[in-house]
Amino acid sequence: MTPMSTDTDGSTLTLRPASAADAAAMAALYNPYILDSTISFETEPIDAAEMAARLANVEAAGLPWLVAEVDGVLAGYAYAARWRVRAAYRHAVETSVYLAAGHGRRGLGTRLYQALLARLRDGGLHTAIGGIALPNAASVALHEKLGYRRVALFEEVGFKFGRRIDVGYWQLML
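Sequential numbering of the sequence shown, starting at 15, is according to our numbering.
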């Protein structure tokens with residue numbers, strides 16, 4: 015993973031492992047997804063302590079959680095979590111990426127995910143799975159650009175904002 019690079023617009027991009035010090039910024043970035051979209055199926059905002067606990071759980075599982083900073087400001091994060099708890103699933107993970115408002119469509123999600131996937135490969139994992147609440151053309155495009163392919167569609171498994179939501183699953187063999 016290249017920790018620092020300069021983007022075409024002159025901004026400095028830093029990709030690095032997340033730390034507990036990032037928890038408040040990550041929670042602030044994530045909460046609009048909870049409150050204003052169906053991208054997250056959570057319904058209540060989370061605080062920095064909850065985000066730090068989630069980060070600690072990912073780290074305890076030996077999995078990566080990366081942040082992207084643009085000019086020193088947290089602009090996104092990506093992480094992997096165990097797909098299921100049973101031992102036979104130990105080589106499969108679910109991947110997620112979230113970007114702050116205004117940072118989409120500039121390649122940041124791609125760069126974060128590429129760095130995450132490289133770490134997963136280096137860690138000997140076999141399968142990455144992305145769950146996407148539909149419709150979400152940007153997330154589908156990102157996953158497919160990186161080689162994920164759709165393997166499942168669960169109809170109307172979510173319910174948020176008074177409507178039923180389908181969820182698709184995309185899989186990448188690492």
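Ideal placement from N, C-alpha and C gives every residue a C-beta, glycine not left out.
Any idea what DSSP makes of residue i, helix, strand or coil?
{"i": "R120", "result": "coil"}
{"i": "I53", "result": "coil"}
{"i": "Y91", "result": "strand"}
{"i": "A32", "result": "coil"}
{"i": "E158", "result": "helix"}
{"i": "R11", "result": "Within the shown structure, residues of the chain are numbered from 15 to 188, placing residue 11 beyond reach of any answer."}
{"i": "L77", "result": "coil"}
{"i": "R125", "result": "helix"}
{"i": "G86", "result": "coil"}
Output needed for residue i: all residues of its chain with C-beta closer than 7 Å, excluding positions within five of it in sequence on either side, in chain order.
{"i": "V154", "result": "I146"}
{"i": "L139", "result": "H105, V107, L188"}
Taking the continuous alpha helix (DSSP H) assigned at residue i, which residues delimit it?
{"i": "R68", "result": "62 to 74"}
Please classify residue i as buried or exposed, where buried requires at least 16 other C-beta atoms within 10 Å of its C-beta.
{"i": "G24", "result": "exposed"}
{"i": "T26", "result": "exposed"}
{"i": "D36", "result": "buried"}
{"i": "F168", "result": "exposed"}
{"i": "A102", "result": "exposed"}
{"i": "L12", "result": "Past the edges of the chain, shown from 15 to 188, lies residue 12, and the structure says nothing about it."}
{"i": "A151", "result": "exposed"}
{"i": "P78", "result": "buried"}
{"i": "E170", "result": "exposed"}
{"i": "A70", "result": "exposed"}
Quick check: does the Cβ of residue i come within less than 7 Å of any heavy atom belonging to the ligand MG?
{"i": "L122", "result": "Among the components of this structure there are no ligands whatsoever, and the ligand MG is therefore not found."}
Please list the terminal residues of the continuous beta strand (DSSP E) segment that includes residue i.
{"i": "L186", "result": "177 to 187"}
{"i": "A191", "result": "Absent from the model: residue 191. The displayed extent of the chain is 15 to 188, so no value can be given."}
{"i": "R163", "result": "163 to 174"}
{"i": "G144", "result": "141 to 148"}
Excluding five sequence neighbours on each side, which residues of the same chain lie with their C-beta closer than 8 Å to the C-beta of residue i?
{"i": "G90", "result": "L43, V81, A82, V111, Y112, L113, A114, H117, L122, G123, L126"}
{"i": "R135", "result": "L188"}
{"i": "A41", "result": "P59, I60, D61, A62, E64, M65"}
{"i": "P31", "result": "P78, W79, L80, V81"}
{"i": "Y183", "result": "I143, G144, G145, I146, R164, V165, A166, L167, F168"}
{"i": "V181", "result": "G145, I146, A147, L148, L167, F168, V171, G172"}
Would residue i pass as an interface residue toward chain B - the criterion being a Cβ-Cβ separation below 8 Å?
{"i": "W184", "result": "Of the protein chains in the structure, only one exists, and it is not chain B."}
Could you name the residues of the same chain whose beta carbon sits closer than 6 Å to that of residue i, not counting the 5 residues immediately before and after it, in chain order?
{"i": "L186", "result": "A142, G161, Y162"}
{"i": "R133", "result": "P78"}
message: Under 8 Å: do the stretch 45 to 62 and the stretch 74 to 87 share three or more Cβ pairs, one atom per stretch?
response: no
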